[in-house]
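Residue numbers (our numbering): 1 to 97. Cβ coordinates follow ideal geometry from the N, Cα and C atoms, glycine included. As the structure is a computational prediction, the values presented were derived from the model and not from experiment. Report on one structure; see the data block that follows.
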């Protein structure tokens, strides 16, 4: 398995989305976290499973939630750059690269 590291901004994205879903419905935030965990598990097994959306940057859609895990894969491991809504402006996370 490939080691995965989250940038602090990516962890902030997850925390913010979790809080928003949990405020909507108790337990929904937990479902979101499980969806992200499943997506990251797939990335760990095969970092090149998802397509590139920018040079060196890949995007994995989460199941049941309209969010995308943006990451960079290299021989040393995977770096999660952002976890954003699919309709967010890409400029919101591209500055993190």
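With a threshold of 16 other CB atoms inside 10 Å of the CB of residue i, please say whether the residue is buried or exposed.
i: residue 20; result: exposed
i: residue 26; result: exposed
i: residue 29; result: buried
i: residue 24; result: exposed
i: residue 60; result: buried
i: residue 76; result: exposed
i: residue 16; result: exposed
i: residue 55; result: exposed
i: residue 53; result: exposed
i: residue 8; result: exposed
At the level of alpha carbons, what is the spacing between residue i and residue j?
i: residue 67; j: residue 49; result: 17 Å
i: residue 90; j: residue 65; result: 18 Å
i: residue 31; j: residue 38; result: 11 Å
i: residue 11; j: residue 51; result: 22 Å
i: residue 42; j: residue 96; result: 23 Å
i: residue 63; j: residue 74; result: 24 Å
Going by DSSP, what residue range makes up the alpha helix (DSSP H) through residue i?
i: residue 30; result: 28–45
Which stretch, first to last residue, makes up the beta strand (DSSP E) that contains residue i?
i: residue 88; result: It is not in any beta strand (DSSP E) - residue 88 carries neither H nor E in the DSSP assignment.
i: residue 61; result: 57–61
In the structure shown, what three-state DSSP assignment does residue i receive?
i: residue 17; result: helix
i: residue 24; result: helix
So if DSSP puts residue i in a beta bridge, which residue, or which two residues, is it bridged to?
i: residue 7; result: DSSP lists no partner for residue 7.
i: residue 73; result: 78
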